[in-house]
Amino acid sequence: MNKKVRVRFAPSPTGGLHLGGVRTVLYNYLFAKQHNGDFILRIEDTDQTRYVEGAEEYIYQCLDWCGLIPDESPQKPGAFGPYRQSERKSIYRKYAEQLVKQGKAYYAFDMPEELETMRTNYKTAENPSPQYDHKVRMKMRNSLSLTLEETERLLEASTPHVIRILMPENETVQFHDMIRGEVSFQTSQVDDKVLLKADGMPTYHLAVVVDDYLMQITHAFRGEEWLSSSPVHVLLWKYLFGIENMPQWAHLPLILKPDGNGKLSKRDGDRLGFPVFAMNWVDPKTNELTKGFRELGFLPEAFINMLALLGWNDGSEQEIFSLQELISKFSMDRVHKGGAKFNFEKAKWFNHEWIKQSAVSSYQSAVKELFDENNIVINDENKFLKVLELVKDRCTFLTDFVQQSSFFFQTPGAIDIAAIQPKWNEKKNLFFVELIRAYELMNLWQHDDLEKEFKEIAAVNEIKPGDVLLPLRIMLVGGKFGPGVFDIVALLGKEETIKRIKHTLQLLQ
RNA sequence: GCCGCGUUGGUCAAUCGGUUAAGACGCAUCCCUUUCACGGAUGAAUGAGGGGUUCGAUUCCCCUACGCGGUACCA
Numbered sequence: 015m016n017k018k019v020r021v022r023f024a025p026s027p028t029g030g031l032h033l034g035g036v037r038t039v040l041y042n043y044l045f046a047k048q049h050n051g052d053f054i055l056r057i058e059d060t061d062q063t064r065y066v067e068g069a070e071e072y073i074y075q076c077l078d079w080c081g082l083i084p085d086e087s088p089q090k091p092g093a094f095g096p097y098r099q100s101e102r103k104s105i106y107r108k109y110a111e112q113l114v115k116q117g118k119a120y121y122a123f124d125m126p127e128e129l130e131t132m133r134t135n136y137k138t139a140e141n142p143s144p145q146y147d148h149k150v151r152m153k154m155r156n157s158l159s160l161t162l163e164e165t166e167r168l169l170e171a172s173t174p175h176v177i178r179i180l181m182p183e184n185e186t187v188q189f190h191d192m193i194r195g196e197v198s199f200q201t202s203q204v205d206d207k208v209l210l211k212a213d214g215m216p217t218y219h220l221a222v223v224v225d226d227y228l229m230q231i232t233h234a235f236r237g238e239e240w241l242s243s244s245p246v247h248v249l250l251w252k253y254l255f256g257i258e259n260m261p262q263w264a265h266l267p268l269i270l271k272p273d274g275n276g277k278l279s280k281r282d283g284d285r286l287g288f289p290v291f292a293m294n295w296v297d298p299k300t301n302e303l304t305k306g307f308r309e310l311g312f313l314p315e316a317f318i319n320m321l322a323l324l325g326w327n328d329g330s331e332q333e334i335f336s337l338q339e340l341i342s343k344f345s346m347d348r349v350h351k352g353g354a355k356f357n358f359e360k361a362k363w364f365n366h367e368w369i370k371q372s373a374v375s376s377y378q379s380a381v382k383e384l385f386d387e388n389n390i391v392i393n394d395e396n397k398f399l400k401v402l403e404l405v406k407d408r409c410t411f412l413t414d415f416v417q418q419s420s421f422f423f424q425t426p427g428a429i430d431i432a433a434i435q436p437k438w439n440e441k442k443n444l445f446f447v448e449l450i451r452a453y454e455l456m457n458l459w460q461h462d463d464l465e466k467e468f469k470e471i472a473a474v475n476e477i478k479p480g481d482v483l484l485p486l487r488i489m490l491v492g493g494k495f496g497p498g499v500f501d502i503v504a505l506l507g508k509e510e511t512i513k514r515i516k517h518t519l520q521l522l523q
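Residues 15 to 523 in the working numbering are what the first sequence lists, from first letter to last.
This is the structure:
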């Protein structure tokens with residue numbers, strides 16, 4: 015009996031969506047779709063002190079842009095709601111209490127200051143960060159160290175308290191990780207993690223287990239930073255819902271900063287000049303804007319493709335994958351164990367490849383928006399499409415299209431006269447005068463004819479075509495860039511071409 | 001400190017005991033192109049160190065080093 019595959023991405027809405035987060039979404043999504051399963055988005059907002067306005071909405075937008083649409087989410091509830099943990103608050107207490115009754119957890123009344131005192135008192139050179147564990151728990155104020163009466167009195171008086179898991183002393187917790195194989199921990203090394211906070215909210219540890227159970231999650235994929243707390247989760251599964259019902263785990267490798275070591279952070283992006291977030295993020299408190307891949311001019315297909323290959327490959331030499339291909343080819347056991355350094359140059363390459371190989375119609379509207387933003391009016395969609403096709407090879411970012419092709423739609427703002435002037439002479443001037451005359455007489459305005467005419471006139475005037483080709487380019491586009499000159503002439507049309515040549519000729523007088 | 005997880009060119013990486021150790025990005029040189037790209041060709045560059053196991057280790061085991069992650073009433 016095979017259960018339907020159900021996976022979840024469970025972000026806490028505290029800010030921009032990080033590269034690594036998107037990759038976690040992606041791997042979840044690919045796995046789910048490959049197995050005809052469901053991909054669930056659950057919002058982990060149990061820490062009320064970290065609420066950030068707009069962060070949740072932002073996550074939806076990012077997933078939308080990436081094309082990784084959840085089957086169930088707060089916006090699109092399925093049968094397992096609510097999908098926001100803050101709205102599930104009432105659910106968790108029951109399980110925490112159950113654990114206490116089973117003798118697997120206990121009440122702890124220690125105040126934050128008392129915890130701090132414990133940490134400073136027990137701190138030694140060998141043990142710089144003491145834990146709340148079997149070594150100290152009997153010295154703290156909890157239902158283990160206190161008498162039954164005392165505990166009851168405290169509870170009845172509504173004394174603030176948390177519920178902590180009682181870690182067994184000499185057990186080995188072992189589980190199978192889809193990427194790392196068998197992983198094991200000694201329970202005596204793990205601390206008595208808080209399960210239920212004083213405000214009645216669960217911590218991540220309780221919530222993830224309860225919700226994964228209630229939402230019938232079959233596979234749980236998350237970042238490697240969670241690996242060390244996994245024994246707590248495994249034990250909770252054992253106590254509460256049965257180890258046989260536990261989802262299969264996979265702890266994904268981290269995405270590292272390009273220079274040095276360590277997790278890639280937003281700061282690294284700022285420092286090294288590349289985005290880390292999927293989309294622009296504006297901090298509602300400081301109004302600070304952090305650039306995203308989308309706004310930089312990335313195609314979502316390229317972004318996804320790049321992320322998929324950061325830690326995974328299918329064993330072949332293929333590097334360009336569509337989302338559909340990724341769905342069919344992805345496999346968790348080919349995911350690397352070690353972290354991967356992020357390389358923006360390679361990310362750019364992916365985008366460039368996608369721009370080149372995609373049909374221009376697929377990003378036409380996105381580029382159109384960019385033109386709008388720059389007040390460049392497109393009134394001929396057909397011409398627009400041709401232009402995009404003509405320049406796409408030289409665009410790494412979508413935003414490059416503006417620079418590369420605005421001259422097709424408006425007369426260049428400035429003509430790089432300085433690049434023509436030094437070698438300019440009357441002979442060349444005459445050539446262009448003649449060229450204008452000849453072009454004016456042309457009926458058919460086609461690439462090959464235009465080039466032929468140009469070369470014939472050059473020959474008659476004993477001018478090397480190369481000597482007048484660059485000037486012509488500059489007259490038409492304003493500078494030393496753009497596609498083939500006669501492609502430009504052909505697309506620009508007779509009237510505009512002649513107008514621009516005349517204009518520059520005047521400037522050269 | 002302790003626990004866990006890692007380690008193939010600058011970077012992403014293939015290899016599942018036997019190869020001249022792929023490929024890609026980037027870099028360099030050249031060709032194409034009388035702009036810039038695209039495209040093509042060539043080149044430099046890799047198994048952290050030490051022990052085992054084996055006829056043979058990049059591959060399996062151990063140790064060391066190094067890195068990362070965790071060690072919160074944050075996720």
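Ideal Cβ positions, reconstructed from N, Cα and C, are used throughout, including at glycine.
Apart from sequence neighbours up to five positions away, the residues of its chain that approach K305 with a beta-carbon distance below 7 Å are P289, N294, ordered along the chain. Taken in chain order, the whole alpha helix (DSSP H) runs of length 4 or more contained in the segment 328-381 are 337-343, 358-371.
With contacts defined as CB atoms closer than 8 Å, P298 and L286 fail to qualify as a contacting pair. Between the segment 389-397 and the segment 349-359, the count of Cβ pairs shorter than 8 Å is below three; the stretches do not touch. For R56 against Y120, the beta-carbon gap comes to about 28 Å, at or over 8 Å, which does not count as contact.
Less than 8 Å separates the beta-carbon of L209 from that of R178. Cβ-Cβ separation between P314 and W79: approximately 6 Å, consistent with a contact (criterion under 8 Å). In the DSSP assignment, the residues bridged to S198 are Q188. In this structure, V223 and H247 form a Cβ contact; the two beta carbons are roughly 6 Å apart against a cut-off of 8 Å. Taking every protein chain shown into account, the CB of H190 has fewer than 16 other CB atoms within 10 angstroms, so this residue is exposed. Per DSSP, reduced to three states, the secondary structure at A234 is strand. A direct Cα-Cα distance of roughly 49 Å separates F335 from F446. The alpha-carbon separation between L505 and K469 amounts to approximately 19 Å. In the three-state reduction of the DSSP assignment, D297 falls in the coil class. Between the segment 179-188 and the segment 245-265, the count of C-beta pairs closer than 8 Å reaches three or more; the two stretches touch.
Residue burial annotation: T300 is exposed, with fewer than 16 other C-beta atoms found within 10 angstroms of its C-beta. Residue range 20-23 is occupied by the beta strand (DSSP E) that includes R22, with no alpha helix (DSSP H) assigned at that position. Counted as a single uninterrupted DSSP element, the beta strand (DSSP E) harbouring W263 occupies residues 262-266. The residue from L169, R107, N259, S279 with its alpha-carbon nearest to that of G35 is S279. W438 sits exposed, since fewer than 16 C-beta atoms from the chains shown fall within 10 Å of its C-beta.
Beta-bridge partners assigned by DSSP to G306: F291.
Under the 8 Å Cβ criterion, the segment 85-92 counts as touching the segment 55-71, having at least three qualifying pairs. Following the DSSP letters along the chain, one finds I105 inside the alpha helix (DSSP H) bounded by residues 103-115. Within the same chain, and ignoring the five residues on either side of Q48 in sequence, the residues whose Cβ sits closer than 8 Å to its Cβ are I341, S342, F344. Rounded to the nearest whole angstrom, the C-alpha separation of D61 and T217 is 8 Å.
In this structure, the CA atom of E448 is about 22 Å from the CA atom of A433.
In the pairwise beta carbon analysis, the segment 131-140 is classified as not touching the segment 165-177: fewer than three pairs are separated by under 8 Å.
Around the C-beta of Y65, fewer than 16 other C-beta atoms lie within 10 Å, and the residue is accordingly described as exposed. In this structure the segment 37-45 lies against the segment 318-327, because at least three pairs of beta carbons, one per stretch, are closer than 8 Å. Inclusion of Y74 and L31 in the CB contact set at 8 Å is not warranted, their separation being larger than that value.
Scanning its chain for C-beta atoms nearer than 7 Å, with the 5 sequence neighbours on each side dropped, one finds around T410 the residues K362, N365, H366, in chain order. Rounded to whole angstroms, the separation of the alpha carbons of Q371 and Q338 is 16 Å. No Cβ-Cβ contact shorter than 8 Å links L402 with V416.
Going by DSSP, R178 is part of the beta strand (DSSP E) stretching over 176-179. Per DSSP, V208 is one residue of the beta strand (DSSP E) stretching across 208-210.
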